[in-house]
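Under our numbering, the letters of the sequence shown match residues -3 to 151, in that order.
Everything below concerns the one structure shown next.
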Amino acid sequence: MVRPLGVILAGGLARRMGGGDKSLLSLGASSRVLDQVIARLGAQVDQMVLNANGDPERFDEFGLPVVADSLDGFLGPLAGVLAGLDYAANHGFDHIVSVAADTPFFPTDLVSALETASKHMDVPIALAATNIEGGKTVRHPTFGLWPVALRDDLR
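Here's what the structure looks like:
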């Protein structure tokens, strides 16, 4: 299997924060949230893109292609997933793995865990999940393995 394209979802409006880019906030003295996300995801994939809306130049220093939502209206993370799937389809990828740009401490084995879950459960999309007290499962839909073949269904 070709390693999936990593898609960092940074297309939100940060309403609860009063706007701005959460991913550009400081994380300790010498890095930002996005630095950590890129380091974690970069160790698990061969190529990454950043999904962000607005002026892409604010992310130039990270050296990643920036892809805007392909649908208008700030429709949420799935619009970013679709933009990543469109990019992947045009660059020879079969799958993408999406991560949230404002969550720097996701598992260092996220991609392999999602690939294993997809294969063993025989499902096309695998989403990260956490088991919490009482046996309840909480899904984290911004962290997922998505097949490019389903992009038209998402549109």
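Note that the Cβ used here is the ideal one computed from N, Cα and C, for glycine as well.
- Comparing alpha carbon positions, the residue from 110, 88 and 48 closest to residue 137 is 110.
- The three-state reading of DSSP puts residue 71 in coil, since its state is none of H, G, I, E or B.
- Scanning its chain for C-beta atoms nearer than 7 Å, with the 5 sequence neighbours on each side dropped, one finds around residue -2 the residues 89 and 90, in chain order.
- Distance from residue 3 to residue 93 at the Cβ level is roughly 7 Å; contact confirmed, criterion being Cβ atoms closer than 8 Å.
- The alpha carbon of residue 49 has as its nearest neighbour, out of 99, 129, 75 and 35, the alpha carbon of 75.
- Under the 10 Å beta carbon count, residue 108 is surrounded by fewer than 16 other beta carbons and is classified as exposed.
- Between the C-alpha atoms of residue 36 and residue 23 there is a straight-line separation of about 14 Å.
- In the DSSP assignment, residue 33 falls within the unbroken alpha helix (DSSP H) covering 29 to 38.
- For residue 98, the closest C-alpha among the options 126, 60, 139 and 122 is that of 139.
- Between residue 40 and residue 106 a beta carbon distance of about 6 Å is seen, short of the 8 Å cut, so the two are scored as contacting.
- Counting C-beta pairs with one atom in each stretch, the region 143 to 151 and the region 68 to 86 have three or more that are closer than 8 Å, which means they touch.
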